[in-house]
Amino acid sequence: MIQIEELRKTYRVRGREVTAVDGVDLTVREGEIFGVLGRSGAGKSTLLRCVNLLERPDSGRVVVDGEDLLALGGAGLRRARQRIGMIHQHFGLLGSRTVAGNVAFPLEVMGVPRAERAERVAELLDLVGLAGHADAHPAQISGGQKQRVGIARALAGRPKVLLSDEATSALDPDTTASILQLLRDLNRRLGLTVLLITHEMEVVKRICDSAAVMRDGRFTESGRVTELLARPGSELARGLFPLPPAEPRPGTTLLEVTFAGDSTDQPFVSALARKYSLDVNILGGAIETIGGERVGRLRLELPGGPEANAAQIAFLRDSGLTVVLTAPATDQEDAR
Amino acid sequence: MNWDEVTPLLWPATRETLYMTGVATLFTAVLGLLLGVLLVVTERGGLLSAPPVNRVLSFAVNVGRSLPFLILMVAIIPFTKVVVGTSIGNAAAIVPLTVGAIPFYARLVEIALREVDTGVIAAAEAMGATRREIVGKVMLREARPGLVSGLTVTVIALIGYTAMAGTVGGGGLGNLAIVYGYQRFEGKVMLATVVLLVLMVLIIQAAGDLVARRLTHR
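Protein chains in written order, with the numbering used here: chain A, 3 to 338; chain B, 1454 to 1671.
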């Protein structure tokens, strides 16, 4: 639905070149929620603004719903933008218009007749749960309600794609949860494809099907969330399931076991203990349900050194788990 | 002079002041708004980014703003003659009043437009709005309270400028105060004109504040 190839964007700041996006490839499949996670300054906002050409990339390709946006002229681009919804961190609402007036704005831009507009606005406000607030002004409603107005407005043109620019970053945790829930619902009910950028791990955890981690203008990892979690050394996995740092005691083996996907429901710890008559110690763990799948990481301690546990490690890997051996040094090493 | 002799002088003078101020305000509102919008949209990275045009406009505004009104009025007499056919009288005073007030209001318009949240403008752009729609439906509309407050300040400045209309043979309360109050030492005329001018300013300020408040939704 969204296809970005070799995207580059450089700014000149006081005579110096600053590369905001440095050769990013990105594919967002129809109907999925794709999250780009990164710290501020990683280039994710520029990347998002390149998708509807609020920023024009220096090079690369941007294809949304089969349309090559960089090939479009002014009027064509405006029409394409009308079919791409966008929501913003600070909502971007018109303070001089009522809630209904704000939702009607894109319809005016699209040239929808007045009578039809009123009907569609009512429908949209209902969709986001703001039916009773049509005549309020943005200053009179809460942050979460403002973002709901933003979402209703973004959906006015029945877009297939929604871009979300840190939509929950200005909201408190409870409100964030309800807005994310709304996005998830809309994604399911309308088949809406969502590309969002965020610096909050929580957002990726709650609603993203796929994700990418962005740093210094590039993706350091990218893929389906459940796949990323199972990938050894994944930053996303470490961020989502932080385990306390640990070092193996002499004569023991420390394992970091990540389970996701097919390996989810097996009682592998007790299976391991039974099969090899081991005393397995669980030193830490984090388990969540992501996208309906149970995923998580455990830190296990097995008696005996790594050599003595080769068969046990192989057993775990054969069960579809990702196993990383924690080396005696502080940094973690892939045992593979 | 006693009060019975003073009052017949006041009414025509008040009417002249209102006439000059009113017509000049009308032209200033339209042309100042246009110039203010141009100042904002032509700047680098603006909706109609044109830095050379922006520099020229900004320079013209600065020149207009730096000339004392009395000098401006005399300096543009040839222009006034072309526009209204004469260089003396109330109509002739309106031309320099307008020319003097346009750059003043244009700067206030510029300030008001810059107050508009850039996020709202970006949002409108992302919705596929045209530049015309962004200027009309977003920038000008969002800035309405500031535009009204700015116009209020401009109208009051214009009332001040009309006091100098007598220099080119115009009338008005200012002229009355100079001719009777100052040159003929008629204290009552001076007092009456001052009271009227203060009242006028108070009423305009109150009306402007009321409209601006009505347009603000906080």
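For glycine and all other residues, C-beta sits at the position ideal for the given N, C-alpha and C.
On a predicted model such as this, the values are computed, not experimentally measured, just so you know.
Alpha-carbon to alpha-carbon, residue j and residue i
| i | j | result |
| --- | --- | --- |
| LEU300(A) | ALA232(A) | 12 angstroms |
| ALA1503(B) | LEU1649(B) | 46 angstroms |
| VAL1601(B) | ALA1665(B) | 6 angstroms |
| HIS201(A) | ILE209(A) | 14 angstroms |
| GLY1603(B) | ILE1529(B) | 25 angstroms |
| ARG85(A) | LEU1566(B) | 28 angstroms |
| ASN1455(B) | LYS1590(B) | 56 angstroms |
| LEU164(A) | GLY225(A) | 19 angstroms |
| VAL1654(B) | GLY1661(B) | 10 angstroms |
| GLY1517(B) | GLY1581(B) | 37 angstroms |
| VAL15(A) | GLY43(A) | 14 angstroms |
| LEU1663(B) | ARG1671(B) | 15 angstroms |
| GLY1624(B) | LEU1525(B) | 18 angstroms |
| ALA172(A) | LEU72(A) | 32 angstroms |
| GLN1658(B) | ALA1610(B) | 11 angstroms |
| ALA158(A) | LEU39(A) | 27 angstroms |
| VAL111(A) | ARG80(A) | 10 angstroms |
| PRO1505(B) | ILE35(A) | 45 angstroms |
| LEU1(A) | ASP187(A) | For residue 1(A) there is no data in the structure shown, the boundaries of chain A being 3 and 338. |
| ASN54(A) | THR1474(B) | 48 angstroms |
is_contact[residue i, chain D] using C-beta, thresh 8 angstroms
| i | result |
| --- | --- |
| LEU95(A) | Judged by its chain identifiers, the structure shown contains no chain D, and its protein chains are A and B. |
Buried or exposed (CB count within 10 angstroms, at least 16 for buried), residue i
| i | result |
| --- | --- |
| GLU168(A) | buried |
| LYS277(A) | exposed |
| ARG99(A) | buried |
| TYR1614(B) | buried |
| ALA1579(B) | buried |
| ALA1466(B) | buried |
| TYR13(A) | exposed |
| ARG150(A) | buried |
| PRO1556(B) | buried |
| GLU1595(B) | buried |
| ARG18(A) | exposed |
| PHE221(A) | buried |
| PRO1531(B) | exposed |
| PHE1512(B) | exposed |
| GLY1489(B) | buried |
| GLY1640(B) | exposed |
Helix, strand or coil at residue i [DSSP, three-state]
| i | result |
| --- | --- |
| SER212(A) | strand |
| ALA106(A) | helix |
| GLY225(A) | strand |
| GLY1572(B) | helix |
| ALA1559(B) | helix |
| ALA1616(B) | coil |
| MET1454(B) | coil |
| PRO305(A) | strand |
| GLY87(A) | strand |
| GLN334(A) | Only weak support exists for where GLN334(A) lies, its pLDDT of 46 falling under 50; the value from the coordinates is given anyway. Three-state DSSP puts GLN334(A) in coil, outside helix and strand. |
| GLN5(A) | strand |
| ARG160(A) | coil |
| ALA1(A) | Residue 1(A) cannot be examined here, being either before or after the span of chain A that is shown, 3 to 338. |
| ASP174(A) | coil |
| LEU56(A) | coil |
| GLY131(A) | coil |
Among the options, nearest to residue i - alpha-carbon criterion
| i | options | result |
| --- | --- | --- |
| HIS90(A) | VAL1573(B), LEU1663(B), MET1643(B) | VAL1573(B) |
| LEU1499(B) | MET1617(B), VAL1588(B), ALA1565(B), PHE1522(B) | Here residue 1499(B) turns out to be Gly, not Leu, going by the sequence shown. Considering only alpha carbons, the answer is VAL1588(B). |
| ASP174(A) | ILE199(A), GLU204(A), VAL151(A) | GLU204(A) |
| THR255(A) | VAL326(A), THR48(A), GLU295(A) | VAL326(A) |
| LEU95(A) | PRO252(A), VAL227(A), ALA138(A), THR228(A) | ALA138(A) |
| ARG160(A) | GLU258(A), ALA172(A), MET88(A), GLY134(A) | MET88(A) |
| VAL130(A) | ALA120(A), PRO115(A), LYS148(A) | LYS148(A) |
| ILE1564(B) | ARG1497(B), ILE1656(B), PRO1598(B), GLY1542(B) | PRO1598(B) |
| ALA1546(B) | ILE1612(B), ASP1570(B), VAL1490(B), ASP1662(B) | ILE1612(B) |
| THR1571(B) | VAL1493(B), GLN1658(B), ILE1631(B), GLY1538(B) | VAL1493(B) |
| VAL1527(B) | SER1511(B), VAL1548(B), ASN1507(B), TYR1633(B) | VAL1548(B) |
| THR1470(B) | VAL1562(B), ALA1576(B), VAL1647(B), ASP1457(B) | VAL1647(B) |
| ALA1575(B) | ARG251(A), PRO115(A), ARG220(A), PHE93(A) | PHE93(A) |
| SER1519(B) | LEU1626(B), GLU1496(B), GLY1553(B) | GLY1553(B) |
Residues near residue i by beta carbon distance below 8 angstroms, same chain, minus five either side
| i | result |
| --- | --- |
| LEU9(A) | VAL23, GLY25, VAL26, ASP27, LEU28, LEU49, CYS52, PRO59, SER61, GLY62, ARG63, VAL64 |
| THR332(A) | Here THR332(A) scores only 43 on pLDDT, less than 50, and its place in the model is too uncertain to base an answer on. |
| GLU223(A) | ALA214, VAL215, LEU230, ARG233, SER236, GLU237, LEU238 |
| SER180(A) | GLY146 |
| VAL358(A) | The structure shown has nothing for residue 358(A), since chain A only spans 3 to 338. |
Sequence-distant residues of the same chain with beta carbon closer than 7 angstroms to residue i, five excluded per side
| i | result |
| --- | --- |
| GLU57(A) | LYS11, THR48, ARG51 |
| GLY37(A) | LEU198, THR200, VAL205, VAL206, CYS210, ALA213 |
| LYS1534(B) | SER1540 |
Contact set for residue i: own chain, Cβ-Cβ below 6 angstroms, skip 5 residues either direction
| i | result |
| --- | --- |
| ILE315(A) | VAL325 |
| ALA262(A) | THR228, LEU231, ALA232, VAL297 |
| ALA120(A) | none |
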